[in-house]
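Going by my numbering, the sequence shown opens with residue 53, and the numbers climb by one from there.
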Amino acid sequence: MSQTDERVRWTTADLELLPDNGNRYEIIDGELFVTRAPHWKHQQTCGRIYAAVDAWSQSTGLGEATISPGIIFSDADNVIPDVVWASKERLAVLLDEAGHLTAAPELIVEVLSAGVEQERRDREANLKLYSVRGVQEYWLVDWRKQQVEVYRREKATLRLIATLFSQDELTCPLLPSFSCSVAQICA
53 MSQTDERVRW TTADLELLPD NGNRYEIIDG ELFVTRAPHW KHQQTCGRIY
103 AAVDAWSQST GLGEATISPG IIFSDADNVI PDVVWASKER LAVLLDEAGH
153 LTAAPELIVE VLSAGVEQER RDREANLKLY SVRGVQEYWL VDWRKQQVEV
203 YRREKATLRL IATLFSQDEL TCPLLPSFSC SVAQICA
């Protein structure tokens with residue numbers, strides 16, 4: 053007698069039934085990920101990245117950044133990245149009537165949280181999801197190591213193109229003339 057893999061597949065509708073208890077609930081490929089409120093430094097890093105990208109966006113008028121938006125890619129893929137940026141043109145087609153993103157913004161930033169499962173989610177599950185869904189650039193920020201891994205779309209997939217350290221400047225072809233030191237965002 054053979055056993056089958058009867059894995060529970062979570063959906064966006066299931067999220068409505070979960071308690072509002074300060075935890076963050078995300079679904080990737082039907083798998084539920086639960087994380088607690090992030091570390092103070094994690095949130096500071098998110099805020100610094102958002103501030104830098106938002107200041108650039110305000111000065112150029114080319115797009116908008118936000119912190120912790122929900123992205124409902126599908127019923128089985130519902131995530132909350134730390135920071136996103138979308139061009140004005142893309143943003144016009146991304147938002148549903150409820151104000152949720154329903155497709156990939158051009159840039160997604162995840163700040164690593166402590167723990168093997170959280171890191172696996174950002175390095176593997178989110179990277180795969182964002183790659184499949186058409187994200188153009190993905191920054192994976194480790195404030196503890198003061199480094200940023202930059203993944204850029206090449207031949208229909210996100211590939212690691214640079215690992216930046218505290219003395220390096222973070223730039224992005226999606227954001228012409230944008231520059232920010234890694235030390236500044238990971239301070």
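Beta carbons: idealized from backbone N, C-alpha and C, even for Gly.
Worksheet item: Would residue 167 be called buried (16 or more neighbouring beta carbons within 10 Å of its own) or exposed?
Response: exposed
query: With a cut-off of 8 Å, do at least 3 Cβ pairs link the segment 129 to 137 to the segment 86 to 104?
result: yes
(request) Within the same chain, show all residues whose beta-carbon is closer than 7 Å to that of residue 226, passing over the 5 residues directly before and after it, in chain order. (result) 158, 159, 188, 189
- Task: Would you mind stating whether residue 164 and residue 171 have Cβ atoms separated by less than 8 Å?
- Result: yes
Worksheet entry | First and last residue of the uninterrupted alpha helix (DSSP H) at residue 199 | Run containing residue 199: none in the alpha helix (DSSP H); it sits in the beta strand (DSSP E), 199 to 206.
**Prompt:** residue 226 by DSSP, collapsed to three states: which one?
**Reply:** In the structure shown, residue 226 adopts coil according to DSSP, grouped into three states.
- Message: I need the straight-line Cα distance from residue 53 to residue 154, nearest angstrom please.
- Response: Confidence at residue 53 is low in this model, with a pLDDT of 45, below 50, so the placement of that residue is unreliable and no value is reported for it.
Check: Going by the beta-carbon positions, is the gap between residue 234 and residue 217 smaller than 8 Å?
Finding: Taking 8 Å as the Cβ cut-off, residue 234 and residue 217 qualify as a contacting pair.
Can you list, in chain order, the stretches of the alpha helix (DSSP H) that have 4 or more residues and sit fully within the segment 98 to 151? Those alpha helix (DSSP H) runs which fall completely within the segment 98 to 151 and span 4+ residues are 140 to 146.
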